[in-house]
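Notes for the one structure printed next.
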Amino acid sequence: MHWLRHRGSTVLDRVRNPAYTGDNRCLPCTGVNAVFAVALAGVVAWAGSPLLGAVSLAASAAVIGLRGYLIPGTPTLTQRYLPSRAMAYFEHGSAQTALDSHPEPADVSDRDRDNVLVEHGVLVPCDGGADLCLTDAVRRAWTDALDAIGADVDAALSESALVDAESSEFVVDESAGDFAVSVDGAHAGRWPSREAFLADAAGAVALASELPGWHGLSSRTRGIALGELRLFLDRCPTCGGDPDFQRRTEATCCRTRPVTTMRCADCDASFVEVVGA
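For the sequence shown, the UniProt record's numbering assigns the number 1 to the initial residue and increments by one for each residue that follows.
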């Protein structure tokens with residue numbers, strides 16, 4: 001019996017396509033083919049019998065499992081015709097903002113959705129109107145807050161009010177490569193790095209002192225504003241390095257897309273990552 005199992009395994013290995021299975025499996029392609037397989041089984045069951053439909057579905061599932069797709073030319077067809085939003089969902093799940101610690105309440109007004117940094121003069125036109133720059137007052141307040149907080153996470157949490165809880169209740173998790181905060185076991189916030197969190201904490205302190213009504217804004221709007229403010233960071237909060245923008249092209253199973261990142265090379269800290277469509 002051992003030789004029979006070995007022979008069966010060898011046959012499966014010959015049929016299996018490693019380019020589109022295992023770690024290389026394209027989830028959008030698999031999803032499209034699964035929908036097609038179910039539709040095909042439905043047609044077979046309607047035209048023939050439920051048993052034939054079940055056999056068709058089982059055969060299609062086996063082909064998708066071993067080959068990665070059922071429809072010839074699937075990777076090209078998926079890249080060409082599947083909407084970018086659908087592919088992004090398969091690749092990363094539902095879209096997230098730069099700072100996801102501030103869920104938007106139901107009563108957020110249109111005013112809350114405006115760019116509050118521009119509206120309140122935190123960002124002003126510069127270079128002849130071709131760009132936006134931080135005002136000197138906000139830059140000084142942000143720098144002072146960065147100096148005061150340093151790399152002290154507890155101080156950052158307690159002084160910034162980024163998370164509505166006592167500092168003794170915070171739990172920080174960096175095991176996944178980012179910086180996550182939870183309170184009593186519930187997710188409260190996530191940043192791309194400890195350095196990004198410290199930058200936002202200092203930014204919250206600065207905006208609270210320089211922007212009227214900061215704490216009256218929705219938590220969602222404050223989160224977006226801090227993510228935008230982070231783009232103007234001129235030094236890393238932990239090592240003092242210079243954050244730099246980098247652009248690259250990222251290849252996925254079904255497409256290529258531009259990715260813009262803001263990182264500190266000296267301490268390998270990520271501040272912003274924007275993935276194009």
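Glycine is no exception: its CB is placed at the ideal position from the N, C-alpha and C atoms.
Note that this is a predicted model, so its numbers are computed, not measured.
Sub-7 Å separation of Val181 and Gly189 beta-carbons
With contacts defined by Cβ atoms closer than 7 Å, Val181 and Gly189 form a contacting pair.
Determine the contact status of Leu146 and Pro243, defining contact as a CB-CB distance below 7 Å.
Their beta carbons are not under 7 Å apart, which means Leu146 does not touch Pro243 by this criterion.
Taking 7 Å as the limit between beta carbons, can you name the residues of its chain near Ile149, skipping five residues before and five after?
Ala155, Ala156, Glu159, Leu198, Ala201 and Ala202
What residue does the beta strand (DSSP E) around Arg190 start on, and which one ends it?
Ala186 to Trp191
Judging by CA-CA distance, which residue of His187, Ser193, Thr30 and Ser49 is the nearest neighbour of residue 292?
No answer is possible for residue 292: it lies beyond the span of the chain, which begins at 1 and ends at 277.
Do you know offhand how far Asp127's Cα is from Pro72's?
53 Å
Residue range of the alpha helix (DSSP H) that residue 344 falls in?
There is simply no residue 344 to check, as the chain begins at 1 and stops at 277 in what is shown.
Of all the alpha helix (DSSP H) runs that stay within the bounds of the UniProt domain "DUF8054" (115-231), which reach a length of 4 or more residues?
Counting only runs of 4 or more, we get 116-119, 136-149, 153-160, 194-210 and 219-230.
With distances taken Cα to Cα, identify the nearest neighbour of Thr143 among Gly53, Ala176, Ala62 and Glu210.
Glu210
Give every residue of the same chain whose Cβ lies closer than 7 Å to the Cβ of Gly42, excluding the five residues on either side of it in the sequence, and list them in chain order.
Gly53
Straight-line gap, Gly93 to Gly241 (C-alpha atoms, nearest Å)
The predicted model places Gly93 with a pLDDT of 45, which falls under 50 and marks its position as unreliable; any figure quoted below should be read in that light. Computed Cα separation, rounded: 32 Å.
Quick one: what's got a C-beta closer than 6 Å to Leu123's C-beta in the same chain, skipping five residues either side?
Leu117 and Leu132
Could you tell me the distance, in whole angstroms, from the CA atom of Val63 to the CA atom of Thr30?
Roughly 11 Å separates the two Cα atoms.
Which residue marks the beginning of the beta strand (DSSP E) containing Ser49, and which one marks its end?
Segment: none, Ser49 is in no beta strand (DSSP E) and carries neither H nor E.
Just reading off the beta strand (DSSP E) that Ala269 is part of, what are its end residues?
Under the DSSP assignment, Ala269 falls in the beta strand (DSSP E) whose first and last residues are Ala269 to Val275.
Would you kindly check if the distance between the Cβ of Val272 and the Cβ of Ala206 is under 7 Å?
no
Tell me whether Cys29 sits in a helix, a strand or coil according to DSSP, three-state version.
If DSSP states are grouped into helix, strand and coil, Cys29 belongs with the helices.
Does Pro28 pass the burial test, meaning 16 or more other C-beta atoms within 10 Å, or should it be called exposed?
Buried, because 16 or more other Cβ atoms sit within 10 Å of the Cβ of Pro28.
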